[in-house]
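J.: Chains as they are written, first to last, in the numbering used here: chain A, 1 to 193; chain B, 194 to 386.
Glycine included, every Cβ here is placed at the ideal spot set by N, Cα and C.
For clarity, every value in this text was computed on a predicted model and none was experimentally measured.
There are 2 protein chains.
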Amino acid sequence: MNIQPLIAHIEKIIPLDEAAKQDLAAKTIFKKLRRRQYLLQEGDHCNHYNFVLNGCLRLYFVDGKGSENVLQFATGNGWVADIGSLHTGQASRLCIDALEPSDVLRIAKQDLIELYVKHAAFDRYFRVLTENAFVAMQQRVLQNISSTAEERYLSFLEKYPHLAQRLPQVQIASFIGVTPEFLSKIRRNLMEQ
Amino acid sequence: MNIQPLIAHIEKIIPLDEAAKQDLAAKTIFKKLRRRQYLLQEGDHCNHYNFVLNGCLRLYFVDGKGSENVLQFATGNGWVADIGSLHTGQASRLCIDALEPSDVLRIAKQDLIELYVKHAAFDRYFRVLTENAFVAMQQRVLQNISSTAEERYLSFLEKYPHLAQRLPQVQIASFIGVTPEFLSKIRRNLMEQ
DNA sequence: CGGATCGTTGATCAACTTCAACGGTCGTGG
DNA sequence: CCACGACCGTTGAAGTTGATCAACGATCCG
């Protein structure tokens with residue numbers, strides 16, 4: 001199993017010594033997902049952090065009316081997990097599944113804690129990682145509060161042009177918080193100009 | 194200057210040795226704010242992390258139409274900063290000001306980096322802190338996408354009962370993403386039942 | 001072929017905003 | 001001490017934005 005992409009990603013933020021790399025490799029699990037396969041299902045306990053090698057996963061929430069609300073897409077070199085469930089140990093209210101056939105590296109919660117204790121570099125790496133994710137999430141809250149659906153869609157296109165290409169529209173609609181029907185109308189409006 | 198509340202807050206997550214405490218104390222700046230005073234103004238560079246001792250600050254964004262959108266309230270033992278600007282060094286598009294007379298402890302960006310390098314405990318502390326903030330922000334995105342304004346208001350009351358007491362309604366409206374007029378109508382509806 | 005998935009369209013309806021106006025409270029300066 | 005302005009909440013009418021529902025066509029794949 002080749003965890004080189006993961007190591008490379010970490011070393012963009014902080015160098016790892018040999019011991020850290022070996023410990024990391026020892027705790028990394030490889031998993032292949034087919035399209036539509038769950039990595040985490042509502043009611044499960046989220047016990048792994050997941051690093052996506054290739055393919056595309058989504059983290060989403062099924063609300064009272066049964067509709068899916070996408071919180072996050074994760075493609076190559078992205079992380080995904082229900083961090084809330086991971087920390088508290090409570091059952092997850094979120095789902096993770098594969099929108100495309102995907103390859104994933106997983107680290108169990110307990111193993112990650114051991115890595116934190118043994119190698120301070122991992123605290124640093126995940127601190128920076130989470131800070132970046134937090135900023136992105138903050139901007140998204142901002143947009144949800146202050147922008148129209150059309151503005152949100154345009155900003156999605158700008159920010160994730162690669163995702164806009166490869167994802168079905170219905171997933172994008174869910175991410176920006178509108179119905180697929182309305183997104184279709186937004187796109188028509190944009191065409192007409 | 195007494196930074197004990199800050200140390201106590203950190204030690205809920207990870208113990209600090211004497212050296213770490215002293216270095217922290219040496220880098221901590223005390224600042225008093227009067228009501229309405231800016232701690233960060235749009236266009237400034239955010240160069241400090243701010244720990245609120247008492248009072249209440251808000252982090253907000255002024256959009257194209259000139260309306261204020263609140264991203265975060267920070268009261269006692271809370272942190273506030275524009276982390277995006279802090280990291281990238283770019284000018285901030287956000288503002289921080291005091292809703293009440295407040296006391297704040299500040300740590301400059303450069304000093305914080307030194308603390309990270311010298312004492313791994315700070316990486317750990319801010320990792321956990323940010324993970325928690327991230328989870329909260331994620332839940333908020335979820336709510337914005339999947340709930341009505343009334344549900345968002347009720348959930349705000351549940352989650353921050355102390356804030357609901359002490360904040361003017363117009364700030365709460367801004368936080369949950371509705372106009373103050375509409376929040377007033379929501380409240381009337383809730384009364385009538 | 002037949003079903004699953006995806007996008008589109010139009011009609012109707014609900015949620016929320018905008019605007020304008022009004023009343024109450026509180027602090028400050030004259 | 002009063003008067004004034006700043007700030008805050010409320011109300012109602014009219015307008016927008018976006019959801020819902022039902023229907024249809026296209027594509028893809030087993």
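1) Would you mind telling me which residues of chain A sit closer than 9 Å to residue 254 of chain B, beta carbon to beta carbon, in chain order?
2) Can you check whether the CB of residue 262 of chain B is closer than 9 Å to the CB of residue 367 of chain B?
3) Can you check DSSP and say which residues form a bridge with residue 125 of chain A?
4) Give the straight-line distance between the Cα atoms of residue 242 of chain B and residue 303 of chain B, rounded to the nearest whole angstrom.
5) Who are residue 261 of chain B's beta bridge partners in DSSP?
6) Check whether the Cβ atoms of residue 126 of chain A and residue 324 of chain B lie closer than 9 Å to each other.
7) When burial is assigned at 16 or more other CB atoms within 10 Å of the CB, is residue 314 of chain B buried or exposed?
8) When you compare the CB positions of residue 317 of chain B and residue 207 of chain B, do they come within less than 9 Å of one another, or not?
9) Could you check the C-alpha separation between residue 144 of chain A and residue 346 of chain B for me, to the nearest Å?
10) Whole angstroms is fine: what's the gap from residue 335 of chain B's alpha carbon to residue 247 of chain B's?
11) Tell me which same chain residues have a C-beta within less than 8 Å of the C-beta of residue 63 of chain A, skipping the five on either side of it?
12) Which term fits residue 268 of chain B, buried or exposed, when burial requires 16 or more other beta carbons within 10 angstroms of its beta carbon?
13) For the stretch 108–136 of chain A, which residues have a beta carbon sitting closer than 8 Å to at least one beta carbon of chain B?
14) Residue 78 of chain A to residue 105 of chain A, Cα distance in whole Å?
15) Can you tell which of B:249, B:301, B:384 and B:260 has the C-alpha that lies nearest to the C-alpha of residue 359 of chain B?
16) What three-state label does DSSP hand residue 13 of chain A in the structure shown?
17) Under a Cβ-count criterion, where at least 16 other Cβ atoms within 10 Å of its own Cβ denotes burial, should residue 227 of chain B be classed as buried or exposed?
18) Less than 9 Å between the C-beta atoms of residue 290 of chain B and residue 224 of chain B, yes or no?
19) If the cut-off is 7 Å on Cβ atoms, which residues from the stretch 42–72 of chain A count as contacting chain B, listed in chain order?
20) Hey, residue 169 of chain A and residue 188 of chain A: beta-carbon distance below 9 Å or not?
21) Measuring straight from C-alpha to C-alpha, what distance separates residue 158 of chain A and residue 164 of chain A?
T.: Based on what the coordinates show:
1) Counted from its first residue, the second sequence places residue 254 of chain B at position 61. Residues of chain A whose Cβ lies closer than 9 Å to the Cβ of residue 254 of chain B are, in chain order, 142, 145 and 146.
2) Numbered from 1 along the second sequence, position 174 holds the residue referred to as residue 367 of chain B. Numbered from 1 along the second sequence, position 69 holds the residue referred to as residue 262 of chain B. Yes.
3) Here the question's residue 125 of chain A lines up with position 125 in the first sequence. The bridge partners DSSP lists for residue 125 of chain A come to none.
4) Counting from one through the second sequence, the residue named residue 242 of chain B turns up at place 49. Counting from one through the second sequence, the residue named residue 303 of chain B turns up at place 110. Taking the straight line joining both Cα atoms gives about 11 Å.
5) Counted from its first residue, the second sequence places residue 261 of chain B at position 68. Answer by DSSP bridge pairing, in chain order: B:255.
6) For the purposes of this step, residue 126 of chain A is taken as residue 126 along the first sequence, with counting starting at 1. For the purposes of this step, residue 324 of chain B is taken as residue 131 along the second sequence, with counting starting at 1. Yes, the pair counts as a contact, with Cβ atoms nearer than the cut-off.
7) For the purposes of this step, residue 314 of chain B is taken as the residue at position 121 of the second sequence. So residue 314 of chain B counts as buried.
8) By 1-based counting over the second sequence, the position of residue 317 of chain B is 124. By 1-based counting over the second sequence, the position of residue 207 of chain B is 14. By the CB criterion at 9 Å, residue 317 of chain B and residue 207 of chain B fall inside the cutoff.
9) The residue given as residue 144 of chain A occupies position 144 in the first sequence. The residue given as residue 346 of chain B occupies position 153 in the second sequence. Between residue 144 of chain A and residue 346 of chain B, the C-alpha separation is close to 16 Å.
10) In the second sequence, residue 335 of chain B corresponds to position 142, counting from 1. In the second sequence, residue 247 of chain B corresponds to position 54, counting from 1. Straight-line measurement puts the Cα of residue 247 of chain B at about 30 Å from the Cα of residue 335 of chain B.
11) Here the question's residue 63 of chain A lines up with position 63 in the first sequence. In the same chain as residue 63 of chain A, and ignoring 5 residues on each side of it, the C-beta atoms closer than 8 Å to its own belong to 69, in chain order.
12) Along the second sequence, read from residue 1 onward, the residue named residue 268 of chain B stands at position 75. A buried status is given to residue 268 of chain B, since no fewer than 16 other beta-carbon atoms sit within 10 Å of its beta-carbon.
13) Within the stretch 108–136 of chain A, the residues whose Cβ lies closer than 8 Å to some Cβ of chain B are 116, 120, 123, 124, 126, 127, 130, 131, 132, 133, 134 and 135, listed in chain order.
14) Position 78 of the first sequence holds residue 78 of chain A. Position 105 of the first sequence holds residue 105 of chain A. Near 11 Å, if we compare the C-alpha coordinates of residue 105 of chain A and residue 78 of chain A.
15) Counting from one through the second sequence, the residue named residue 359 of chain B turns up at place 166. Nearest option by C-alpha distance: B:249.
16) What you label residue 13 of chain A is simply residue 13 of the first sequence in a count that begins at 1. Three-state result, residue 13 of chain A: coil.
17) Residue 227 of chain B sits at position 34 when you count from the first residue of the second sequence. With fewer than 16 Cβ atoms within 10 Å of its Cβ, residue 227 of chain B is classed as exposed.
18) Counting from 1 along the second sequence, the entry for residue 290 of chain B is found at position 97. Counting from 1 along the second sequence, the entry for residue 224 of chain B is found at position 31. Against a cut-off of 9 Å, the Cβ pair of residue 224 of chain B and residue 290 of chain B comes out as no contact.
19) So the close ones are 61, 63, 69 and 71.
20) Position 169 of the first sequence, counted from the start, is the residue given in the question as residue 169 of chain A. Position 188 of the first sequence, counted from the start, is the residue given in the question as residue 188 of chain A. Contact check for residue 169 of chain A against residue 188 of chain A fails: the beta carbons are separated by 9 Å or more.
21) To locate residue 158 of chain A, count along the first sequence from 1; it is residue 158. To locate residue 164 of chain A, count along the first sequence from 1; it is residue 164. Spanning the two alpha carbons is a distance of roughly 9 Å.
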